[in-house]
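Report on the structure given below.
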Amino acid sequence: MQISDSVKYVGVDDHKVDLFEGQFEVPNGMSYNSYVILDEKTAVMDSVDEDFGDEWISNIKQAVGGRSPDYLVVQHMEMDHSANIKKFMDTFKDAKIVSSKMAFTMMKNYFGTDFAERQVVVAENSKLELGSHTLSFIAAPNVHWPEVVMSYESSEGILFSADGFGKFGALDSEGDAAIEKWKDEARRYYFGIVGKFGSNVQAVLKKAANLKIERICPLHGPVLSGDVSAYVSLYDIWSKYESEEDGILVAYTSVYGNTRKASLKLAEKLSEKGQKVVVHDLARDDIYECLSDAFRFSKIVFASTTYNGDVFPAMRDFLFKLAERNFQNKTVAFIENGSWSPMAEKKMASILALCSGISIIEDKVSLRISMKEENLAQMEKVVEALSK
Numbered sequence: 024m025q026i027s028d029s030v031k032y033v034g035v036d037d038h039k040v041d042l043f044e045g046q047f048e049v050p051n052g053m054s055y056n057s058y059v060i061l062d063e064k065t066a067v068m069d070s071v072d073e074d075f076g077d078e079w080i081s082n083i084k085q086a087v088g089g090r091s092p093d094y095l096v097v098q099h100m101e102m103d104h105s106a107n108i109k110k111f112m113d114t115f116k117d118a119k120i121v122s123s124k125m126a127f128t129m130m131k132n133y134f135g136t137d138f139a140e141r142q143v144v145v146a147e148n149s150k151l152e153l154g155s156h157t158l159s160f161i162a163a164p165n166v167h168w169p170e171v172v173m174s175y176e177s178s179e180g181i182l183f184s185a186d187g188f189g190k191f192g193a194l195d196s197e198g199d200a201a202i203e204k205w206k207d208e209a210r211r212y213y214f215g216i217v218g219k220f221g222s223n224v225q226a227v228l229k230k231a232a233n234l235k236i237e238r239i240c241p242l243h244g245p246v247l248s249g250d251v252s253a254y255v256s257l258y259d260i261w262s263k264y265e266s267e268e269d270g271i272l273v274a275y276t277s278v279y280g281n282t283r284k285a286s287l288k289l290a291e292k293l294s295e296k297g298q299k300v301v302v303h304d305l306a307r308d309d310i311y312e313c314l315s316d317a318f319r320f321s322k323i324v325f326a327s328t329t330y331n332g333d334v335f336p337a338m339r340d341f342l343f344k345l346a347e348r349n350f351q352n353k354t355v356a357f358i359e360n361g362s363w364s365p366m367a368e369k370k371m372a373s374i375l376a377l378c379s380g381i382s383i384i385e386d387k388v389s390l391r392i393s394m395k396e397e398n399l400a401q402m403e404k405v406v407e408a409l410s411k
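The sequence shown runs 24 to 411 under my numbering.
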């Protein structure tokens, strides 16, 4: 892939991975992106996953056409982007590594060496002159690791964004990279991996606000081009923990199907009121898609059985995942179920107390095993409150 006359893609696609980072389902695989800038000096932007070192080196050699790269720029030390640093340095023996001070510490922990004689240490506002191309470095701590730097190439308006603006999926399964094709998996990626660090993302967005960005080259997913403001706008919404759209997520757990029936009935009534509703079974649906939709919509209904005097495990896990990602600024309602003493609503509310800006609707649906007429009446009140 050619990004421009001077910038080429040398990354790889991974269709062997089933769980990215051991937890995220990636049915369409994963890309590990790397780029080469060709100028008087040649810079390779980041490495790839360990299993693809030979393919990556071959891609670089083909791109540089017999030249030897002058620099390897390491923006992020997570192993899917750093595993082949030593292979690169052993292959291109005159090349230097450009990275942050903390990244070199991580390299020593990883490889037993920090390549001391071949280091170029960069920080905020550092520049790397390549000829007609200049890389300016942007410190991006905790987006989503502490050593991260991004870089901006001014002559072509390219932001090399490290893990920022990435998404799940191999590039050969992408098709159109338009925002409608991008945002669902990018949102799932963002809230699964980066979501805790919204304030850090905001800091980087402020630094980048005055840059003329024509393309964004992330370490995962497609190169973003054209009007990139739409992508930046979504990152701004996500990192401020604002709702992306007005709608209602109904997230439920159910043992024998009664809480499920109540959840679906509530969703039906909300739809009849003209509300956009998405329903997730937390025990069966991809949990990170559920998380993504919880942040996406303005309102959420948590529906759970009581289990061992507490909330059902899948619901408890979901709520704590939300809390650790700074879930906030939502309107919330509850459905609870209990054979003799429903406790789920109380337990769910206690976890949500860890979150800020949560407005809890006073009315709730409280089942005793199965749905009855009185529960339908409770539902009407909840529907009315959620439809305002």
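Glycine is no exception: its CB is placed at the ideal position from the N, C-alpha and C atoms.
Just how far apart, CA to CA, sit residue i and residue j?
i: L95; j: E265; result: 37 Å
i: E140; j: H156; result: 25 Å
i: I236; j: Y212; result: 22 Å
i: A1; j: D117; result: Residue numbering for the chain in the displayed model covers 24 to 411; residue 1 lies beyond these limits and cannot be assessed.
i: S327; j: E368; result: 8 Å
i: N56; j: R238; result: 14 Å
i: K344; j: A356; result: 18 Å
i: A209; j: A253; result: 13 Å
i: D37; j: S196; result: 11 Å
i: E179; j: T354; result: 44 Å
i: I310; j: Y133; result: 31 Å
i: D259; j: C378; result: 20 Å
i: E312; j: G187; result: 19 Å
i: G135; j: F127; result: 11 Å
i: E268; j: E73; result: 39 Å
i: G147; j: D69; result: The residue asked about is misnamed: residue 147 is Glu in this sequence, not Gly. Their backbone Cα atoms lie some 18 Å apart in a straight line.
i: S149; j: S159; result: 6 Å
i: P92; j: K131; result: 22 Å
i: F43; j: K395; result: 43 Å
i: G45; j: F214; result: 16 Å
i: Y279; j: K219; result: 34 Å
i: G88; j: D103; result: 26 Å
i: Q25; j: S373; result: 52 Å
i: R339; j: K39; result: 31 Å
i: P336; j: S256; result: 35 Å
i: T276; j: S410; result: 23 Å
i: S294; j: H303; result: 15 Å
i: G76; j: W168; result: 23 Å
i: H243; j: L194; result: 9 Å
Across which residues does DSSP place residue i in a beta bridge pair?
i: G192; result: M53
i: Q401; result: In the DSSP output, where bridge partners are listed per residue, Q401 has none listed.
i: D36; result: S54
i: L42; result: E48
i: I358; result: A326 and V388
i: A376; result: According to DSSP, A376 bridges with nothing at all.
i: Q351; result: S379
i: R211; result: None, per the DSSP bridge assignment.
i: M68; result: Y58 and V96
Tell me whether residue i is buried or exposed, calling it buried when 16 or more other Cβ atoms sit within 10 Å of its Cβ.
i: W363; result: exposed
i: R348; result: buried
i: E291; result: exposed
i: M385; result: It should be noted that the sequence gives Glu, not Met, for residue 385. It is exposed - the Cβ of E385 has fewer than 16 other Cβ atoms within 10 Å.
i: M53; result: buried
i: V144; result: exposed
i: D137; result: buried
i: S262; result: buried
i: M402; result: buried
i: K190; result: buried
i: N331; result: exposed
i: E407; result: exposed
i: E176; result: buried
i: S81; result: exposed
So, for residue i: in the same chain, excluding its five sequence neighbours on each side, which residues have a beta-carbon less than 8 Å away from its beta-carbon?
i: M129; result: M100, S105 and E170
i: L390; result: N281, T282, A285, I358, E359, N360, G361, P365 and N398
i: D41; result: E48 and V49
i: P164; result: E170, V171 and N223
i: G270; result: Q298, K299, V300, V301, R319, F320, S321 and K322
Residues in the same chain with beta-carbon distance under 7 Å from residue i, minus the five sequence neighbours each way, listed in chain order, please.
i: S393; result: N281
i: E63; result: L153 and G154
Could you pull out every residue in the same chain whose Cβ sits closer than 6 Å to the Cβ of residue i, ignoring the five residues on either side in sequence?
i: T329; result: G361, P365, M366 and A367
i: D333; result: K370
i: V59; result: K31, V33, V67 and A86
i: L272; result: V301, D316, A317, F320 and I323
i: K119; result: Y94, R141 and V143
i: F350; result: C378
i: S382; result: T354
i: G192; result: N51 and E208
i: S122; result: V97
i: Y248; result: As written in the sequence, residue 248 is Ser, which differs from the Tyr given in the question. If we look at S248 and ignore the five residues flanking it on each side, its Cβ neighbours are R238.
8 Å is my cut-off, CB to CB: does residue i come that close to chain C?
i: R141; result: Reference to chain C is not applicable here, since this structure consists of a single protein chain.
Starting from the N-terminal side, write out each stretch of the alpha helix (DSSP H) that is 4 residues or longer and does not extend beyond the segment 318–349.
Here the runs fully enclosed are 336–347.
Every unbroken alpha helix (DSSP H) inside the segment 84–143 [4 residues or more]:
Within the segment 84–143, the complete alpha helix (DSSP H) segments of 4 residues or longer fall at 102–105, 108–114 and 124–134, listed in chain order.
Any beta strand (DSSP E) of 3 or more consecutive residues that is wholly inside the segment 247–312
The segment 247–312 contains these whole beta strand (DSSP E) runs: 268–275 and 300–304.
Jot down the residue ranges of each uninterrupted beta strand (DSSP E) in the segment 162–191, minimum 3 residues, whole runs only, in chain order.
Whole beta strand (DSSP E) segments, 3+ residues: 172–176 and 181–183.
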